Amino acid sequence: MPANDIVISAFDLLSALGIGREESAAAWAEGGSACFPPTRATMPEGAEPLAGEVPDFTLVDILPTPKAYLDRQSELLLAATALARRAGRIDPSPFPPERTGLAIGSAWGALQTLGLFFDDYVKKGPRLVKPILFPHSYANAAISLAAMEWEIRGPHLNFVSGAAASTQALIAALDTLRNGEADLVLAGGAEGLSLPRWRARLAAGCDAPPGEGAAVLLIERGETARARGLAPLAHLLGGATASGAPQAIRETVSRAITAALEDAGLRPQAIKRCLANRLAADALGDAAWPVRTLDDLLGDTEGAGGALMAACALLEPEALPALILTAGADGTASAVVLRQAD
Amino acid sequence: MTPPVRIWVTGLGAVTPYGAGVDRLWQGLLRGESGISDFDRFDLGGLACTRGGQIRGYTPPTRPGQPALDLATGFAWGASLEALEQAGGGTDDLGLVTASNFGALDEGERALAGEAPATALAACAQDTTTRRLAAGLALGGPTATLSLSCAASAAALAHGASLLRAGRAARLLVVGYDALSRCAWSGLCSLRTMTRDRIRPFDLNRSGTLFSEGACALLLERDDVCRARGGRPLAELRGWATGNNGFHMTAPPARAAGSADVMRRAIAGAGLTPADVDHVNAHGTGTKANDLTEAQALEDLFGPRASHLPVTANKGAVGHLLGAAGGIEAMVSICSLREGVIPPTLHFETPDPEARVDLVTGAPRTVSLKCVLSNSAGFGGCNAAVLFTPA
């Protein structure tokens, strides 16, 4: 197997741009902000009434089995996973469950449900909490539900590393494939918009409009994709994470980029475009490449940002090779490199 | 073909209901002490389950000028310092992987309840402890935060080892931790996982688990890096695997197929076979379903050997440390490997004819060990296994 034959064979996404690739591609090409006053999520007092909400969708139209309860993050991840599986023709899957992995990222997990659960605790007391909510309040609820929905039993990693979470999930998927630990990894991220998350963001001094969304990418070897009759969409060439003091984020971003390009075997000049979250874009300063920041379109999608940016890069394959870059207020920067398919 | 990079464990740290330190944990387990007591940190509001592994009187050894730490991060901090001290070396190239169920929720909860300033809500972010540890320890390597319920710290060891093998870090501190919070206690109680009796792993009359708090820290490093700096390995992290049973949010599948699968993959990844494993540190929660299905998984994996393969379950003594459990049990596995002693499983009285394992009970068992497997599982079907061999 050539060292760089790890590919993205399919993907799908939901965000303020729309539901699925077609809607998203049209809105992406148009380029206007998709942040508006929220209609679904409750806003905290004092917040600017602007957020990147996913347009209304009905999960049962996407997912065959009804669910008694889902956290918003779980709902978005299940929807994105179902759409990506259809796009990748793995519904049903030809891959053994133990050879199929999941790597997912989110900054806040199921904080919406945790908030609901704790509201009951405070108002009614610990004996009258709702048992059904508790397992859905775990930060791994969404990835676990996806594993159950589709019997995905292989390597299983749930990143909650702030803004870098889903970028780290993509890197983990790459390493899993490189090590031969799986034949296919569904990698991505999901972040739901909820009142507790919005309040916690404000508490952290984050007053930019929040966004929500999910993107899932099917990552496998090029030969297995081609054997299934799928033309790879792009190569996932490399990635890296660097960390440092928050005040040294410029230097940390630079280290992450250098390491990611080295891992990818590309020179900086080969990159056509960088997609970055706001903090990473600010840290880049005068970058060598055109930089597009998703936050202006979608709101701050935090832990889902890396996967959403990778998905958006795939909407415009002529702008590959692309660098996907996320940085967090904790001083961590993660980057992945996508190249056009051979 | 280049042989895979070897991963050494060079430092261990723990804060458990026994107190601070790996030695206290190890000696407590060997002496058969219970870490369980009546819980009194917050009002349990009439809940039937009132006992757990509460850590009392622990003050994290913070440094001058360091901001006060939330409870969970305080545990993680203490365990990290102990592991770093044992391993030696600096922190310039040191990365960090943390793992828990609830992060720094004890702090976020107070804000949600209106008992702390709204700014404390920011601690609901799952990576809060990672940020605080990385800043306090001035780490220069990459950081990541995982949440995989009670398999979290075993999965973090697996992820840490993968990062080292891929050359993404030279040395990594892997920290598992959790504090008992109001959400955790009431939620776990509502699911009827907790017993009013003692925890009796693999006993016929087992009736549930009891939850504890604390932290574990294991310092992992690549062989070449360890050699170059003159580090002293404690054990080799030889195999690892993560997975999901794809079955149910809170119940294991028949014969714990997910556990059997990750244990099988961890052994194979080490280049070994089940015949090479000579001790299993089990997940052993003391619940009816877990212990039966885990015993069946061991039967399926080890065949007839399962009935005379020594198994221990530390939760009988120290309780179920949630996100720290897998790492604590990995640490105990390493101590067993080094000392040639397996600590007993507490409170075992009546064998369960359906859960047939060679459980170490009563007193520590002295046995020469060359390969120890530690198995972990958690809500949401999460599974992880790690395998250690001598340094």
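For the record, the sequence lines run as chains P and X.
Its first residue numbered 1, the first sequence is counted upward by one per residue in our numbering.
Its first residue numbered 1001, the second sequence is counted upward by one per residue in our numbering.
For each residue, glycine too, the CB sits at the ideal point set by N, CA and C.
This structure is a prediction, so every number in the text was calculated from the model and none was measured.
Where do the N-terminal and C-terminal ends of the alpha helix (DSSP H) with X:V1262 fall, by residue? Within the second sequence, the letter at position 262 stands for residue 1262 of chain X. Taken as a continuous stretch (DSSP letters only), the alpha helix (DSSP H) holding X:V1262 covers A1257 to G1269.
One question on the structure: do P:A322 and P:R273 come within less than 9 Å of each other, judged by their Cβ atoms? Locating residue 322 of chain P in the first sequence gives position 322, counting from the first residue. Locating residue 273 of chain P in the first sequence gives position 273, counting from the first residue. Result yes, Cβ atoms of P:A322 and P:R273 sit closer than 9 Å.
Looking at P:T301: is its Cβ nearer than 9 Å to the Cβ of P:E212? Here residue 301 of chain P corresponds to residue number 301 of the first sequence, with the count starting at 1. Here residue 212 of chain P corresponds to residue number 212 of the first sequence, with the count starting at 1. Contact flag set, yes.
Could you run through the stretch 87 to 105 of chain P and flag, in chain order, every residue whose CB is less than 8 Å away from some CB of chain X? P97, E98 and L102
Would X:R1063 pass as an interface residue toward chain P - the criterion being a Cβ-Cβ separation below 9 Å? Along the second sequence, read from residue 1 onward, the residue named residue 1063 of chain X stands at position 63. No, its Cβ sits nowhere closer than 9 Å to a Cβ of chain P.
By DSSP's criteria, P:L184 is part of a beta bridge. Which residues make up the other side? Taking the first sequence and counting its residues from 1, one reaches residue 184 of chain P at position 184. Beta-bridge pairing links P:L184 to P:T100 and P:E220.
Buried versus exposed, by CB contacts within 10 Å (16 or more), P:S15: What you label residue 15 of chain P is simply residue 15 of the first sequence in a count that begins at 1. Its Cβ being crowded by 16 or more others within 10 Å, P:S15 is buried.
Helix, strand or coil at X:T1062 according to DSSP, with G and I counted as helix: What you label residue 1062 of chain X is simply residue 62 of the second sequence in a count that begins at 1. The answer is coil: DSSP assigns X:T1062 none of H, G, I, E or B.
Determine, for P:P155, whether the minimum Cβ-Cβ distance to residues of chain X falls below 9 Å. Reading the first sequence from its first residue, position 155 is the one you call residue 155 of chain P. P:P155 counts as touching chain X.
Does the distance from the C-beta atom of X:P1253 to that of X:T1293 stay below 9 Å? Looking up residue 1253 of chain X in the second sequence gives position 253. Looking up residue 1293 of chain X in the second sequence gives position 293. Yes. Within cutoff.
Let me check understanding here. Comparing Cα to Cα, which of X:V1262, X:A1122 and X:L1180 lies closest to X:L1321? As a working note, residue 1321 of chain X is residue 321 in the second sequence. Considering only alpha carbons, the answer is X:L1180.
Could you tell me whether the stretch 1157 to 1171 of chain X touches the stretch 1107 to 1115 of chain X, where touching means 3 or more Cβ pairs closer than 8 Å? no
Does the separation of the CB atoms of P:E220 and P:V253 fall below 9 Å? Position 220 of the first sequence, counting from 1, holds the residue named residue 220 of chain P. Position 253 of the first sequence, counting from 1, holds the residue named residue 253 of chain P. No. Outside cutoff.
Spatial distance of X:G1411 from X:R1229 (CA atoms): Because chain X here runs from 1001 to 1391, residue 1411 of chain X falls outside it and cannot be looked at.
Could you check the C-alpha separation between X:L1105 and X:W1185 for me, to the nearest Å? Counting from one through the second sequence, the residue named residue 1105 of chain X turns up at place 105. Counting from one through the second sequence, the residue named residue 1185 of chain X turns up at place 185. So the two alpha carbons sit approximately 12 Å from each other.
In whole angstroms, give me the CA-to-CA distance for X:S1207 and P:A256. Here residue 1207 of chain X is taken as the residue at index 207 of the second sequence, counted from 1. Here residue 256 of chain P is taken as the residue at index 256 of the first sequence, counted from 1. X:S1207 and P:A256: Cα-Cα distance of roughly 50 Å.
How many Å lie between X:D1178 and X:G1053 at the Cα? For this step, residue 1178 of chain X is matched to residue 178 along the second sequence. For this step, residue 1053 of chain X is matched to residue 53 along the second sequence. Between X:D1178 and X:G1053, the C-alpha separation is close to 12 Å.
7 Å Cβ cut-off: residues of chain P touching X:E1109: Translated into positions along the second sequence, residue 1109 of chain X becomes position 109. Result: F118.
Residue environment, P:P2, which counts as buried when at least 16 other CB atoms sit within 10 Å: By 1-based counting over the first sequence, the position of residue 2 of chain P is 2. Reliability fails at P:P2, whose pLDDT of 49 lies under 50, so the model's placement of it is uncertain and the value that follows must be treated cautiously. Exposed, since its Cβ has fewer than 16 Cβ neighbours within 10 Å.
Between X:L1337 and X:G1103, what straight-line distance do the alpha-carbon atoms span, to the nearest angstrom? Within the second sequence, residue 1337 of chain X is the residue found at index 337, counting from 1. Within the second sequence, residue 1103 of chain X is the residue found at index 103, counting from 1. Straight-line Cα distance between these residues: approximately 31 Å.
I want to verify the contact list: residues of chain P whose CB lies under 8 Å from the CB of X:N1375, in sequence order. Along the second sequence, one-based indexing puts residue 1375 of chain X at 375. Here the premise fails: no neighbours, minimum Cβ distance about 15 Å.
For P:A144, decide whether its Cβ has a neighbour in chain X, counting only Cβ atoms nearer than 9 Å. Looking up residue 144 of chain P in the first sequence gives position 144. Checking the sequence, you will find Ser at residue 144 of chain P rather than Ala. Closer than 9 Å to some Cβ of chain X, the Cβ of P:S144 qualifies, so yes.
Taking buried to mean at least 16 other C-beta atoms within 10 Å of its own C-beta, is P:F11 buried or exposed? For the purposes of this step, residue 11 of chain P is taken as the residue at position 11 of the first sequence. By the 10 Å Cβ count, P:F11 comes out buried.
So for X:S1374, helix, strand or coil by DSSP? As a position in the second sequence, residue 1374 of chain X is number 374, starting the count at 1. It is a strand residue.
Please list the partners that P:I8 has in chain X, where partner means a Cβ-to-Cβ separation under 8 Å. As a first step, residue 8 of chain P is located in the first sequence; it is residue number 8 there, counting from the start. Here the premise fails: no neighbours, minimum Cβ distance about 19 Å.
Proximity test, Cβ basis, 9 Å: P:M1 and chain X: On the first sequence, residue 1 of chain P is found 1 positions in, with the first residue counted as 1. A caution first: P:M1 carries a pLDDT of 44, below 50, which makes its placement in the model unreliable, though a value can still be read off. No, P:M1 lies away from the interface with chain X (no Cβ there is under 9 Å from its Cβ).
Does the beta-carbon distance from X:A1384 to X:T1287 come in below 9 Å? In the second sequence, residue 1384 of chain X corresponds to position 384, counting from 1. In the second sequence, residue 1287 of chain X corresponds to position 287, counting from 1. No.
Spell out a yes or no on whether the stretch 125 to 134 of chain P and the stretch 290 to 304 of chain P are touching, meaning 3 or more CB-CB pairs, one atom from each, closer than 8 Å. no
Any beta carbon from chain X within less than 9 Å of P:V160's own beta carbon? Along the first sequence, read from residue 1 onward, the residue named residue 160 of chain P stands at position 160. Cβ-Cβ to chain X under 9 Å: yes for P:V160.
In the stretch 1029 to 1057 of chain X, which residues sit with their C-beta less than 7 Å from some C-beta in chain P, listed in chain order? L1044, G1045, G1046 and L1047
Of all Cβ atoms in chain X, is any one closer than 9 Å to the Cβ of P:T241? Numbered from its first residue, the first sequence carries residue 241 of chain P at position 241. Yes, P:T241 lies at the interface with chain X (some Cβ there is under 9 Å from its Cβ).
Listed in chain order, which residues of the stretch 195 to 215 of chain P have Cβ atoms closer than 9 Å to some Cβ of chain X? P196, R197, R199, A200, R201, L202, A203, A204, G205 and C206
Can you list the residues of chain X that P:I152 reaches, using a CB-CB cut of under 7 Å? Counted from its first residue, the first sequence places residue 152 of chain P at position 152. Here the neighbours are N1244 and G1246.
Is the stretch 1002 to 1022 of chain X touching the stretch 1219 to 1235 of chain X in the sense that three or more CB pairs, one from each, lie closer than 8 Å? yes
Name the chain P residues whose beta carbon is nearer than 7 Å to that of X:P1400? Within the shown structure, residues of chain X are numbered from 1001 to 1391, placing residue 1400 of chain X beyond reach of any answer.
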